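K.L.:
Structure below; questions to follow.
Number of protein chains: 2
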Amino acid sequence: MASPRQVGPSNYFNPASIDALPEGTANLVRRRLATLGPAYRLFYDEPVEFVRGSGVHLYDVAGNEYLDVYNNVASCGHAHPRVAAAIAQQAATLSTHTRYLNQAIVRYSEDLLATMPDAIGHVMYTCTGSEACDLALRIAKHRTGGTGVIVTRNAYHGVTTEIAAISPSLGGVESLPPWVRWVPAPDSAHTDISGCSSLGEWFADQVQQQIDDLAAHGIRFAAFIADSIFASDGVFSDPVGFLAPVRAVIEAAGGVYIADEVQPGFGRTGSAMWGFDRHSSAEQPFVPDLVTIGKPMGNGMPIAATLMRPEVIEEFARDMRYFNTYGGNAMAIAAAQAVLDVIRDEGLQANAADVGDYLRRALRELATRYPHIADVRGDGLFIAVELVIPESGEPNEALMLSVVNGLRRRRVLIGTAGLLNNNLKVRPPLVFSRADADRFVSELDGALAESTVTS
Amino acid sequence: MASPRQVGPSNYFNPASIDALPEGTANLVRRRLATLGPAYRLFYDEPVEFVRGSGVHLYDVAGNEYLDVYNNVASCGHAHPRVAAAIAQQAATLSTHTRYLNQAIVRYSEDLLATMPDAIGHVMYTCTGSEACDLALRIAKHRTGGTGVIVTRNAYHGVTTEIAAISPSLGGVESLPPWVRWVPAPDSAHTDISGCSSLGEWFADQVQQQIDDLAAHGIRFAAFIADSIFASDGVFSDPVGFLAPVRAVIEAAGGVYIADEVQPGFGRTGSAMWGFDRHSSAEQPFVPDLVTIGKPMGNGMPIAATLMRPEVIEEFARDMRYFNTYGGNAMAIAAAQAVLDVIRDEGLQANAADVGDYLRRALRELATRYPHIADVRGDGLFIAVELVIPESGEPNEALMLSVVNGLRRRRVLIGTAGLLNNNLKVRPPLVFSRADADRFVSELDGALAESTVTS
Numbered sequence: 001m002a003s004p005r006q007v008g009p010s011n012y013f014n015p016a017s018i019d020a021l022p023e024g025t026a027n028l029v030r031r032r033l034a035t036l037g038p039a040y041r042l043f044y045d046e047p048v049e050f051v052r053g054s055g056v057h058l059y060d061v062a063g064n065e066y067l068d069v070y071n072n073v074a075s076c077g078h079a080h081p082r083v084a085a086a087i088a089q090q091a092a093t094l095s096t097h098t099r100y101l102n103q104a105i106v107r108y109s110e111d112l113l114a115t116m117p118d119a120i121g122h123v124m125y126t127c128t129g130s131e132a133c134d135l136a137l138r139i140a141k142h143r144t145g146g147t148g149v150i151v152t153r154n155a156y157h158g159v160t161t162e163i164a165a166i167s168p169s170l171g172g173v174e175s176l177p178p179w180v181r182w183v184p185a186p187d188s189a190h191t192d193i194s195g196c197s198s199l200g201e202w203f204a205d206q207v208q209q210q211i212d213d214l215a216a217h218g219i220r221f222a223a224f225i226a227d228s229i230f231a232s233d234g235v236f237s238d239p240v241g242f243l244a245p246v247r248a249v250i251e252a253a254g255g256v257y258i259a260d261e262v263q264p265g266f267g268r269t270g271s272a273m274w275g276f277d278r279h280s281s282a283e284q285p286f287v288p289d290l291v292t293i294g295k296p297m298g299n300g301m302p303i304a305a306t307l308m309r310p311e312v313i314e315e316f317a318r319d320m321r322y323f324n325t326y327g328g329n330a331m332a333i334a335a336a337q338a339v340l341d342v343i344r345d346e347g348l349q350a351n352a353a354d355v356g357d358y359l360r361r362a363l364r365e366l367a368t369r370y371p372h373i374a375d376v377r378g379d380g381l382f383i384a385v386e387l388v389i390p391e392s393g394e395p396n397e398a399l400m401l402s403v404v405n406g407l408r409r410r411r412v413l414i415g416t417a418g419l420l421n422n423n424l425k426v427r428p429p430l431v432f433s434r435a436d437a438d439r440f441v442s443e444l445d446g447a448l449a450e451s452t453v454t455s
Numbered sequence: 456m457a458s459p460r461q462v463g464p465s466n467y468f469n470p471a472s473i474d475a476l477p478e479g480t481a482n483l484v485r486r487r488l489a490t491l492g493p494a495y496r497l498f499y500d501e502p503v504e505f506v507r508g509s510g511v512h513l514y515d516v517a518g519n520e521y522l523d524v525y526n527n528v529a530s531c532g533h534a535h536p537r538v539a540a541a542i543a544q545q546a547a548t549l550s551t552h553t554r555y556l557n558q559a560i561v562r563y564s565e566d567l568l569a570t571m572p573d574a575i576g577h578v579m580y581t582c583t584g585s586e587a588c589d590l591a592l593r594i595a596k597h598r599t600g601g602t603g604v605i606v607t608r609n610a611y612h613g614v615t616t617e618i619a620a621i622s623p624s625l626g627g628v629e630s631l632p633p634w635v636r637w638v639p640a641p642d643s644a645h646t647d648i649s650g651c652s653s654l655g656e657w658f659a660d661q662v663q664q665q666i667d668d669l670a671a672h673g674i675r676f677a678a679f680i681a682d683s684i685f686a687s688d689g690v691f692s693d694p695v696g697f698l699a700p701v702r703a704v705i706e707a708a709g710g711v712y713i714a715d716e717v718q719p720g721f722g723r724t725g726s727a728m729w730g731f732d733r734h735s736s737a738e739q740p741f742v743p744d745l746v747t748i749g750k751p752m753g754n755g756m757p758i759a760a761t762l763m764r765p766e767v768i769e770e771f772a773r774d775m776r777y778f779n780t781y782g783g784n785a786m787a788i789a790a791a792q793a794v795l796d797v798i799r800d801e802g803l804q805a806n807a808a809d810v811g812d813y814l815r816r817a818l819r820e821l822a823t824r825y826p827h828i829a830d831v832r833g834d835g836l837f838i839a840v841e842l843v844i845p846e847s848g849e850p851n852e853a854l855m856l857s858v859v860n861g862l863r864r865r866r867v868l869i870g871t872a873g874l875l876n877n878n879l880k881v882r883p884p885l886v887f888s889r890a891d892a893d894r895f896v897s898e899l900d901g902a903l904a905e906s907t908v909t910s
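The listed protein sequences derive, respectively, from chains A and B.
First residue of the first sequence: 1, per my numbering; consecutive thereafter.
First residue of the second sequence: 456, per my numbering; consecutive thereafter.
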């Protein structure tokens, strides 16, 4: 295995700066380094210690309140009482595995499958999105007899050996094994699609070229996998429908389409429960072969899943059994059921649509005062704010880092997205309100004002 | 990827028998098949639905109490109040990830590392044993620059693509890729070690042969990985010390030793907190390069970990970062801390030693009346009871299946172990008492009496 390198810097704490931290923080960081070792990263120039969360807020050890615009696991809000109660009740009752019968897993599975197109008929449970993508790829390879996998330029799908190998955001495209090919992301803001009738046609053509190249090298095509909102590539959501042409290309080549919904799923995009469904139309429904889900699924409880068209699992089920000790255990299912109920009962998808629209309008308004903001894109509460050098239009990573750390000082938590580290990733819990959006935009204004004066 | 086949039948429900089940059970099994699909398995000729657990007992939907001699995840006992309270408290407070600072993960890590040899300095968190083994192997390959892995004949280490590929218990040794080699398990009961001074020397010689064969095929050796009690191979625990010689062989070849403690860890073997430590002596301490832990770690909460000598992670940390969204999250750590505290405060390791000894004596006593029992082996509460055809001494899989289903009717839950499906796997929660052992032996006596009359 070639040594992958980390692509680009990011908003991580540099352990060389440990002595500059407040004494209490420095001591905790030292103990952490001593025990967890050097492969772990902390956010921010000054790492922050949280002790409590509620709704869209996290509270540090001194009791300061932070507005959370980053954490997409706690989609129902931090420490949601209904989810916490479901977990507490189940932990005190039973938590066994899927080799015994259990009503709850069947009921939840029926409920979950009802949110998907009819053709998606089965669900298999894992504990993490990494495991869900790993299982999807394992099934895809078994199904097709192929090994070739196509991903996007800065894709991230997880950390198992197999999935890290198809995640160029971890080690760069230079580190990809020969059976993995990459295509540029469908970046509507920066792609020259001249010669093609649409971004979708252009994207399908990119994928076809890689399918052909795999064939030319004697590697049988197995799967195309994409995050339906292309989060790590920079958040590419529009024009809706652009995923339809690539679907046809993959089917024609005998491969399977894996929709990674770990990031866009569970209503985050507002306009649909699942990111792939945004690309459906009445004339042309978009149905993947396999779907992976995770992160917000348990609002903090480790649970994830792989869903599929029944025909895709036939050969695998004939040749193999599947078991994941904790996957689909009673406690994880209790959490997941509560999350799905909360998303419905509290109208979180509609809220994501409403507040997302409101927030994008406010951010575009802000952009009229900051030429550093080149683009505001996304859907629902998955938004990228692209930062550039005004004079040249070049990516402005320095400004991004300054703004992220400035927002942390202003008690607003945010992350970054994209190959060139110049997008703010706006991805709050789905209970985010218009007032929260106002607070965020106001603090972003302040951080931008400070950063653009000093940088 | 070649089509692996399932090795040997096991005590799984056959879906062809669905119409023979009681109506309520049949309906639930049908709904389960419809949603979870065909790759899942259920235990027993008549699958059982549990709704509640407490200590060593599980309760079915009709309120019947079962003695649990199978479940090793709930090592502290089902729904342990202290663990459930810790989970409930944390779920209602905070559950975030490792990119923020948190006291609890550092405190737990210090506590956990204190149970290991001093040379094991770091711990990295995952959600499942599969992920822990996958990460260990990823680190090992990165460290050594090699790809060659050596496992035992019927090893099981997990279900990610990479780890399924080194788990011949899933698909048979025929399905192993070229970079995976196998050695016979160190089976003290059935191995002809003539020509060697000890089982350990014989085992080291087997591993050396595979290291040499890898080299002859131009494949660089990366790692040897073994479950320290060889659970899926049939439970091989003695003579203690037999792992020492293989350690030296691996070190000399420049590979790393990965101790998979997912099954024997956390005090189950009674004589040691960790399975590898059973093979230590004052003159020759046994210290692996990497250790993987899981299953009982959270008593039902998904949490697992990879521990290591600090030098093993250096190259990986230089070239890669590591992040697992749920791995080491606050809720999982709260559960793990409660489990470690319960193991200590309730003296579960000492109980495993005491009750395990008592139980093995009782099982050996039973064996004097049943020539079908060829061997009783193991340590603490990890015991194999080997069943044979008395006349020939051949493995008796039919009897094993009859006894497992007979015990289920007698409301005792038990599993199977070993390549030839002829071992009962005795692996109850660690709160198992001498009275529980008496009940188990009495019911086993009954099931054997029935089965040996009718079979």
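Heads up, the beta-carbon is just placed ideally off N, CA and C, and yes, glycines get one too.
In this text, all values refer to a predicted model and were calculated from it rather than measured experimentally.
1. What residues from chain B crowd round N324(A), counting only those whose CB sits closer than 8 Å?
2. Within 10 angstroms of its Cβ, does V453(A) collect 16 or more other Cβ (buried), or is it exposed?
3. Mind reading off the beta-carbon distance from L387(A) to N396(A)? Whole number of angstroms is fine, and I expect it under 8 Å.
4. Considering only their Cβ atoms, is the gap separating A543(B) from A91(A) smaller than 8 Å?
5. Measuring CB to CB, does P572(B) end up less than 8 Å from V701(B)?
6. Quick one: what does DSSP say G129(A) is sitting in, helix, strand or coil?
7. Using the rule of at least 16 other Cβ atoms within 10 Å of the residue's Cβ for burial, across every protein chain shown, is A449(A) buried or exposed?
8. If you draw a straight line from the C-alpha of A559(B) to the C-alpha of G53(A), how long is it?
9. For chain A, check one thing: does any of its Cβ atoms lie closer than 8 Å to the Cβ of V746(B)?
10. Taking 8 Å as the threshold (beta carbon to beta carbon), is H512(B) in contact with chain A?
11. State buried or exposed for R733(B), treating a residue as buried only when at least 16 other CB atoms are found within 10 Å of its CB.
12. Rounded to whole angstroms, what is the Cα-Cα separation between A2(A) and S175(A)?
13. Let me check one thing: in DSSP terms, what residues is P850(B) bridge-paired to?
14. Give the residues of chain A in contact with V448(B), contact being defined as C-beta atoms less than 8 Å apart.
15. How should E131(A) be labelled, buried or exposed, when 16 other C-beta atoms within 10 angstroms of its C-beta is the threshold for buried?
16. For A839(B), which residues from the same chain have a beta carbon less than 8 Å from its beta carbon, with the 5 sequence-adjacent residues on both sides left out?
17. Tell me whether M124(A) counts as near the ligand HEM, meaning its Cβ is closer than 7 Å to at least one heavy atom of that ligand.
18. Between S465(B) and the rest of its own chain, which residues show a CB-CB distance below 7 Å, the 5 nearest in sequence each way excluded?
19. Whole angstroms is fine: what's the gap from T306(A)'s alpha carbon to G650(B)'s?
20. Any idea what DSSP makes of S509(B), helix, strand or coil?
21. With DSSP run on the structure shown, which of helix, strand or coil describes Y563(B)?
22. According to DSSP, L422(B) sits in a beta bridge with which residue or residues?
23. Any Cβ of chain B within less than 8 Å of the Cβ of L137(A)?
24. Which chain A residues are close to G626(B), counting only those with a beta carbon under 8 Å from its beta carbon?
25. Check the C-beta distance from A140(A) over to V61(A) and give it rounded, since I have them as a contact under 8 Å.
26. Identify, in the order they occur along the chain, each residue of the same chain with its Cβ nearer than 7 Å to the Cβ of E443(A), setting aside the five sequence neighbours on each side.
27. Sorted by chain position, which residues of the same chain lie with C-beta nearer than 8 Å to Q210(A)'s C-beta, five sequence neighbours on each side aside?
28. Alpha carbons only, please: which of G782(B), I768(B), A529(B) and R608(B) is nearest the one belonging to P302(A)?
29. For A352(A), is the classification buried or exposed, using 16 other Cβ atoms within 10 angstroms of its Cβ as the cut-off for buried?
30. Write down every uninterrupted run of the alpha helix (DSSP H) in the stretch 161 to 189 of chain A whose length is 4 residues or greater and which is fully enclosed by it, in chain order.
31. Is it buried or exposed, H577(B), if we count other Cβ atoms within 10 angstroms and call 16 or more buried?
32. Output, in chain order, the set of chain A residues within a Cβ distance shorter than 7 Å of D589(B).
33. Quick check on the DSSP output: the beta strand (DSSP E) that includes T152(A) runs from which residue to which?
34. Measure the alpha-carbon distance for E820(B) versus N557(B) and round it to whole angstroms.
35. For a cutoff of 8 Å on Cβ pairs, would you count P296(A) as touching chain B?
36. Could you pull out every residue in the same chain whose Cβ sits closer than 8 Å to the Cβ of V462(B), ignoring the five residues on either side in sequence?
P.N.:
According to the structure data:
1. T583, S585 and V614
2. exposed
3. 5 Å
4. Between A91(A) and A543(B), the C-beta gap is smaller than 8 Å, which places the two residues in contact.
5. no
6. helix
7. exposed
8. 15 Å
9. no
10. no
11. buried
12. Any answer about A2(A) is weak, because its pLDDT of 36 lies below 50 and its placement is not dependable; what the coordinates show is given next. The straight-line gap from Cα to Cα measures roughly 6 Å.
13. V843(B)
14. Here chain B covers residues 456 to 910 and nothing more, so residue 448(B) does not appear.
15. buried
16. G689, V690, D830, V831, R832, G833, A872, G873, N878, L879, K880 and V881
17. As presented, the structure is devoid of all ligands, the ligand HEM included, so that no description of it is given.
18. T871 and N876
19. 51 Å
20. strand
21. helix
22. Any property of residue 422(B) remains undetermined from this structure, which presents chain B solely from 456 to 910.
23. Look at L137(A): its C-beta is under 8 Å from a C-beta on chain B.
24. D319 and M320
25. Going by Cβ atoms, the distance from A140(A) to V61(A) rounds to 45 Å, so no, they are not a contact pair.
26. L407, R410 and V412
27. I150, R181, W182 and V183
28. G782(B)
29. buried
30. 161 to 164 and 168 to 171
31. buried
32. T160 and T161
33. For T152(A), the uninterrupted beta strand (DSSP E) run begins and ends at G148 to T152, by DSSP.
34. One C-alpha to the other measures close to 52 Å.
35. Not one chain B Cβ lies under 8 Å of P296(A).
36. Per-residue confidence for V462(B) stands at a pLDDT of 45, beneath the threshold of 50, marking its modelled position as unreliable; the derived number appears in the next sentence. Taken in chain order, the residues that qualify are N609, P623, S624, L625, G626, G627 and L874.
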